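Heads up: the sequence shown begins at 58 in the working numbering, then just goes up one per residue.
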Amino acid sequence: MSTKCQGCHEGAALNLPFSMAFQPIVDITTGSIFGHEALVRGAEGQGAGSVLTQVDESNRYAFDQQCRVKAIELAAKLYDPADTAKLSINFMPNAVYEPRACIRLTLATAMKTGFPLNRIIFEFTETEKLDTAHILNILRTYREMGFQTAIDDFGAGHSGLGLLTHFQPDIVKLDMDLIRGIDKDPVRRKIVKHTLDMLADLNIVPLCEGVETGGELAALRDLGVSLVQGYLLSKPLFEALALPPTDEMLSSIAA
Numbered sequence: 058m059s060t061k062c063q064g065c066h067e068g069a070a071l072n073l074p075f076s077m078a079f080q081p082i083v084d085i086t087t088g089s090i091f092g093h094e095a096l097v098r099g100a101e102g103q104g105a106g107s108v109l110t111q112v113d114e115s116n117r118y119a120f121d122q123q124c125r126v127k128a129i130e131l132a133a134k135l136y137d138p139a140d141t142a143k144l145s146i147n148f149m150p151n152a153v154y155e156p157r158a159c160i161r162l163t164l165a166t167a168m169k170t171g172f173p174l175n176r177i178i179f180e181f182t183e184t185e186k187l188d189t190a191h192i193l194n195i196l197r198t199y200r201e202m203g204f205q206t207a208i209d210d211f212g213a214g215h216s217g218l219g220l221l222t223h224f225q226p227d228i229v230k231l232d233m234d235l236i237r238g239i240d241k242d243p244v245r246r247k248i249v250k251h252t253l254d255m256l257a258d259l260n261i262v263p264l265c266e267g268v269e270t271g272g273e274l275a276a277l278r279d280l281g282v283s284l285v286q287g288y289l290l291s292k293p294l295f296e297a298l299a300l301p302p303t304d305e306m307l308s309s310i311a312a
């Protein structure tokens, strides 16, 4: 095991206070909460930028590890014992050197808290050009271990379609730029429709993020989308979980 992976495994010291907010992923066909995405925040609820601007090469590995720990520990405290909702955790591909070595702290935390592995989703965003072979190795390893996988911001990254030719994740999150104003933009609607058809053919679940208006929600519902995420349904809640929307709420905002 490399020195850096050993540091990840041991949860290297991180002098960077932070916590998590949780934003619900809603199944609008049932009105239930499919899962919650854990989003980094400052220790007192400050925006993500207050934390992420302090992450660099020297602490990226430890930060990625501790984000996983914090998300799982908080979720284990907040989730009702009977809750079956997923927990979606963002990870930094460049902070993972050898997937099986760098996952040990995550596994230990899940075991300690009793949080089931099959309810954890690992998602990543292509914020920078990445080694495709490295990403594929991580995703395949995580799936073998029982985790679910997701590609975030699909349609805005460097090689989303290229990755799908080699690996089909459980979930693909369509970038909010494709969703913005979809009810008034026939071009966006056609692009999303064909993307949804492609994902269905590949047995991948689509998730549309960044939904902010009732018109957008109605358009997505008309296209057959089930899973949505966005400020319309709930903003991220600091160290708290949103309640499922009522049928009346869903009907009124998508009217």
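Where is the CB? At the ideal position from N, CA and C, for every residue including glycine.
Because the structure is a prediction, the values reported are computed rather than measured.
Between the CA atoms of residue j and residue i - distance to the nearest angstrom
i    : j    : result
P138 : P263 : 27 Å
M306 : D84  : 13 Å
H191 : L71  : 25 Å
S145 : Q205 : 9 Å
D304 : Y154 : 45 Å
G272 : L289 : 10 Å
I177 : K143 : 6 Å
H93  : V229 : 15 Å
L218 : P74  : 36 Å
F295 : I236 : 25 Å
E266 : V285 : 6 Å
Y118 : I195 : 15 Å
Limits of the beta strand (DSSP E) - the one that residue i falls within
i    : result
R98  : 89 to 99
N147 : 143 to 147
F224 : That residue, F224, is in no beta strand (DSSP E); it is neither H nor E in DSSP.
L264 : 262 to 266
C-beta atoms of residue i and residue j nearer than 8 Å
i    : j    : result
E180 : D140 : no
Q52  : L259 : With the chain represented from 58 up to 312, any question about residue 52 goes unanswered, as that position is not in the structure.
D293 : Q80  : Reading the sequence as shown, one finds Pro at residue 293 and not Asp. Yes. Within cutoff.
T86  : S283 : yes
Residue i - containing alpha helix (DSSP H), residue span
i    : result
M306 : 304 to 310
Q111 : Premise fails: Q111 is in no alpha helix (DSSP H) and is neither H nor E.
D234 : 233 to 236
I192 : 189 to 201
Burial state of residue i (16 or more Cβ within 10 Å)
i    : result
D234 : exposed
S291 : buried
A100 : exposed
A78  : buried
Q122 : buried
| request: Count the CB pairs spanning the segment 237 to 246 and the segment 300 to 311 that are closer than 8 Å, and state whether there are at least three. | output: Taking a cut-off of 8 Å on C-beta distances, the segment 237 to 246 does not touch the segment 300 to 311, as fewer than three cross pairs fall below it.
| query | Are the segment 121 to 141 and the segment 164 to 177 in contact at 8 Å, needing three or more beta carbon pairs? | reply | When Cβ pairs closer than 8 Å are counted between the two stretches, the segment 121 to 141 is seen to touch the segment 164 to 177, the count reaching three or more.
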